[in-house]
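Enquirer:
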Amino acid sequence: MFETLSDRLTSVLQNLRSRGRLTDADIDATAREIRIALLEADVALPVVRTFIARIKERAKGAEVHEALNPAQQVIKIVNEELVAILGGETRRLN
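Listed below in structure tokens is the structure:
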């Protein structure tokens with residue numbers, strides 16, 4: 002299950018890297034694909050809705066770091082939201 006989810010998310014986010022500039026339509030399409038991947042991995046619908054809403058809000062908001070291109074920014078947002086939804090902090094595995 003995790004391998005399939007990882008593969009789907011990698012594929013979705015890889016598509017962003019090929020774009021120089023992201024539009025709202027690109028963000029919506031990416032969010033849709035992430036939503037489908039999470040639902041197919043049996044993630045609870047309320048969790049998916051909250052997760053997608055936060056990604057879209059942040060990606061369409063004014064959070065722009067000059068060191069990152071738009072695709073990298075969305076990938077960073079997805080990563081941060083995944084960490085937040087899974088427990089809020091990163092921990093090293095032993």
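If you count the sequence shown from 1, position 59 lands on 60 in my numbering, and the numbers rise without skipping. Where is the CB? At the ideal position from N, CA and C, for every residue including glycine.
Identify, in the order they occur along the chain, each residue of the same chain with its Cβ nearer than 6 Å to the Cβ of Ile76, setting aside the five sequence neighbours on each side.
Expert: Leu14.
Enquirer: Just confirm the distance between the C-beta atoms of Lys57 and Ile28, as a whole number of angstroms; I'd bet it's less than 8 Å.
Expert: Indeed, because the Cβ distance is near 6 Å, the residues count as touching under 8 Å.
Enquirer: Report the option in Arg59, Gly62, Phe52, Lys61 whose CA atom is closest to the CA atom of Val84.
Expert: Among Arg59, Gly62, Phe52, Lys61, the Cα nearest to that of Val84 belongs to Phe52.
Enquirer: Any idea what DSSP makes of Thr11, helix, strand or coil?
Expert: Here Thr11 sits in helix by DSSP.
Enquirer: Could you pull out every unbroken alpha helix (DSSP H) segment of at least 4 residues lying fully inside the segment 3 to 86, listed in chain order?
Expert: Listed in chain order, the complete alpha helix (DSSP H) runs (minimum 4 residues) inside the segment 3 to 86 are 3 to 18, 25 to 41, 46 to 61, 71 to 86.
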